Amino acid sequence: MELITLERDLSAAARSLTADQIVALCRRAFGERVVVTSARELGGGTFNTTYLVALDEQQVILRVAPPPEAALSWDEAALMRREIHIQPFFAPLAARMPRTLAADFTHQLVDRDYMFQTFLPGERWDHVADALSPEEAGALWEQFGRVTRTIHDTVGSAFGGPHPAPEFPSWSQAVLYRLERSLETMSELGLEVADMTAALDVIRAHKAVLDEIREPRLMHGDLWLFNLLIERGPPGASIVGVIDADRAFWGDPMADWTMFVLSKSASPDTRPLYDRFWQAYGRPEPTRASAFRAVVYEAMNVGIALPWAARHGHDDMVRRGKRELREVVEALPRLRP
């Protein structure tokens, strides 16, 4: 078997598998007679180690979670197990999402969770965005809005989660859990926590505004151009793949990472494209309560992004996150009911 790996640092989370290990995983998943031709490690991810594996009759994706000794934050724990649990709820997009062919959490062959999934053809949207015509880009953003709406239209039974992450009967409990865990992580990393503490005090005092959200809706948790695969051809450009749903959870759709990035990256240049997204998705009616919740969700998303940036040495992102938390603290008192 030919094995092509990436040059990586020596961190535990980025450790590659050996050829013998990959063959052993393939034989467990597909039988002892399977022929493994090659395995090529794929770049672009920041968490799992991923391979494109060529078998005798098909290509499959092998995703391998970090080992137990890897330094993971609270929001990264058991991501693959969470994805397996929530995957059936993405049924409306099943034709555009990879199918799980096998998963093994026993740690009998390797000391890591892993899964095999179907290989989806297509190009990552972010890799080819600059080469798209205005017509192709507009059509894709409209499709993006419809894909996001399809996800958000799925109703669950509890907030937070999915298993084995904790689930809650109310949205405020799920939000406060995420914020409190982010505060703990920031403190452990030596980051300034005064603004997050101040934001939490205001949010706790007005959690009734959060609990106006009574119906848990499905959120992808990491849906942006890097997790969308597209195809271009004579009929135009189309979204053919939605990948990496391991950060999905249940709550208010306006808290999804997609909405956060849309708000933070809005500009005169992006407005025509974002308008196509919102026309397809359906722009929510603004209210004072929704404005308050939007600032809470900014704190929630920054609370995850800021520690990640600190751990990975992204100083510019750290400075931006600190500035955004300060803006949250200034905005919450103005918007509270």
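Each number in my numbering comes from the position in the sequence shown (counting from 1) with 163 added on. Every residue, glycine too, gets a C-beta built ideally from N, C-alpha and C. Values in this document were obtained by computation on a predicted structure and should not be read as measured data.
| request: Please state if the CB of F440 and the CB of G285 are separated by a distance shorter than 9 Å. | output: Cβ atoms of G285 and F440: not closer than 9 Å.
| query | Among residues of its own chain, excluding the 5 on either side of D274, which ones have a beta-carbon nearer than 6 Å to its beta-carbon? | reply | P230.
| Burial state of A491, where buried means 16 or more other Cβ atoms lie within 10 Å | Per the sequence presented here, residue 491 reads as Val, with Ala not at that position. V491 is classed as buried because its beta carbon has at least 16 other beta carbons within 10 Å across all chains shown.
| task | Confirm, please, whether the CB-CB distance from A408 to M278 is below 9 Å. | result | M278 places its beta carbon 9 Å or farther from that of A408.
| request: Specify, as a first and last residue, the run of the beta strand (DSSP E) that S401 falls within. | output: Counting along the chain, the unbroken beta strand (DSSP E) around S401 starts and ends at 399 to 405.
| request: Quick one: residues in its chain with C-beta nearer than 8 Å to the C-beta of A468, no 5 flanking neighbours on either side, listed in chain order? | output: If we look at A468 and ignore the five residues flanking it on each side, its Cβ neighbours are M480, G484.
| Stretch-stretch touch, CB-based, cutoff 8 Å, three pairs: the region 392 to 410 with the region 246 to 260 | The region 392 to 410 is in contact with the region 246 to 260.
| task | Determine the burial state of T311: buried for a count of at least 16 other Cβ atoms within 10 Å of its Cβ, exposed for fewer. | result | Buried: at least 16 other Cβ atoms inside 10 Å.
| query | What is the DSSP secondary structure of E195, reduced to helix, strand or coil? | reply | In the structure shown, E195 sits in coil (DSSP, three-state: anything other than H, G, I, E or B).
| request: Compute the Euclidean distance between the alpha carbons of S430 and D415, then round it to the nearest angstrom. | output: Cα-Cα distance, rounded: 25 Å.
| task | Quick one: measure Cβ to Cβ for D374 and S333, integer angstroms, because I've assumed they're closer than 8 Å. | result | About 5 Å separates the beta carbons of D374 and S333, which is inside the 8 Å limit, making them a contact pair.
| Cβ of G319 within 9 Å of Cβ of W420? | Taking a C-beta distance under 9 Å as the contact criterion, G319 and W420 do not qualify as a contact pair.
| said: Can you check which of these residues, L488, A337, R245, is closest to R377 by C-alpha distance? | reply: Of L488, A337, R245, the smallest CA-CA separation from R377 is found for A337.
| field | Where A192 falls, given that 16 or more other Cβ within 10 Å makes a residue buried | value | Result: buried.
| field | E490 - DSSP class collapsed to helix/strand/coil | value | Note: E490 maps to helix in three-state DSSP.
| query | Thinking just about the alpha-carbon of each residue, which of P327, L352, L392 is nearest to the one in W288? | reply | Of the listed residues, the one whose Cα sits closest to W288 is L392.
| message | Judging by CA-CA distance, which residue of M382, Y214, R341, T313 is the nearest neighbour of S201? | response | The shortest CA-to-CA distance from S201 to any of M382, Y214, R341, T313 is the one to Y214.
| query | Rounded C-beta distance between L352 and R451? I'm assuming under 8 Å. | reply | So it is not a contact: roughly 34 Å between Cβ atoms.
| request: Quickly, what does DSSP pair E330 with across the bridge? List them, please. | output: E330 pairs with G323.
| said: For G194, tell me which candidate among R456, F210, D219 has the shortest Cα-Cα distance. | reply: With respect to the C-alpha of G194, the residue from R456, F210, D219 having the closest C-alpha is D219.
| task | Tell me the start and end of each unbroken alpha helix (DSSP H) in the region 412 to 491 that is at least 4 residues and wholly inside, in chain order. | result | Note on the region 412 to 491: whole alpha helix (DSSP H) runs with a minimum of 4 residues are 420 to 427, 434 to 444, 451 to 474, in chain order.
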